[in-house]
Amino acid sequence: MDGASSSGPRPYIRLTSQLKNATRSAGGEVRFRCEAIGTPPLSFTWLKNHAPIEKSRRVKVRNRENSSRLVITELDVLDSGYYQCIASNSAASVNTTSVLRVSP
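Mapping the sequence shown onto the UniProt record's numbering, position 101 (from 1) lands on 101, and the numbers just tick up by one.
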């Protein structure tokens, strides 16, 4: 036996888009979109500087079947940092990272 399963296709996941770096002015807004395809269900997690993002009045996350969007409004210089989207399913996890720079 070659170890292959006959119970159907192997689970998989891959990103279909990469996050782009962004520079914004304080008081503005930024939108990051993360897209992946793979064996459902997919889940999405957002991190800022390696820590889970806390949703708030200014920070919104909208998850769909194959994508997730992070929107931050009323930007502050303290919002600058590394933003990472992790897409995962039963097969694996994949991620993409962006740098946000907020100028005063």
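The C-beta atom is built at its ideal place from N, Cα and C for all residues, glycine as well. These figures come from a predicted structure and were not determined experimentally.
Quick check on this structure: which residue in 102, 96, 103, 49 has the alpha carbon closest to the alpha carbon of residue 20?
Indexing the sequence shown from 1 puts residue 20 at position 20. Considering only alpha carbons, the answer is 96.
Cβ-based neighbour list, residue 78, same chain, cut-off 7 Å, excluding 5 preceding and 5 following:
By one-based count along the sequence shown, residue 78 stands at place 78. Within the same chain, residue 78 has no close Cβ partners at all.
Which residues in the same chain as residue 98 place their Cβ atom closer than 7 Å to its Cβ, once the five residues preceding and following it in sequence are excluded?
The residue you call residue 98 lines up with position 98 of the sequence shown. Excluding positions up to five away in sequence, the list reads 19, 20, 21, 22, 32, 83.
In whole angstroms, what is the alpha-carbon distance linking residue 69 and residue 63?
Against the sequence shown, residue 69 aligns to sequence position 69. Against the sequence shown, residue 63 aligns to sequence position 63. Approximately 6 Å, taken between the alpha carbons.
Own chain, CB closer than 6 Å to residue 27, minus 5 neighbours either side, in chain order:
As a first step, residue 27 must be located in the sequence shown, where it is residue number 27. Counting only Cβ-Cβ distances below 6 Å, and skipping sequence neighbours, we find nothing.
Could you tell me whether the Cβ atoms of residue 42 and residue 65 are closer together than 8 Å?
In the sequence shown, counting from the first residue as 1, residue 42 sits at position 42. In the sequence shown, counting from the first residue as 1, residue 65 sits at position 65. Yes, these two residues count as a Cβ contact at 8 Å.
Alpha carbon of residue 12 to alpha carbon of residue 71, nearest angstrom:
In the sequence shown, the residue the question calls residue 12 occupies position 12. In the sequence shown, the residue the question calls residue 71 occupies position 71. Between residue 12 and residue 71, the C-alpha separation is close to 28 Å.
If we ignore side chains and look at the alpha-carbon of each, how far apart do residue 24 and residue 103 end up?
Position 24 of the sequence shown, counting from 1, holds the residue named residue 24. Position 103 of the sequence shown, counting from 1, holds the residue named residue 103. Rounded to whole angstroms, residue 24 to residue 103 spans 6 Å at the Cα level.
Would you mind stating whether residue 67 and residue 34 have Cβ atoms separated by less than 8 Å?
On the sequence shown, residue 67 is found 67 positions in, with the first residue counted as 1. On the sequence shown, residue 34 is found 34 positions in, with the first residue counted as 1. Their beta carbons are under 8 Å apart, which means residue 67 touches residue 34 by this criterion.
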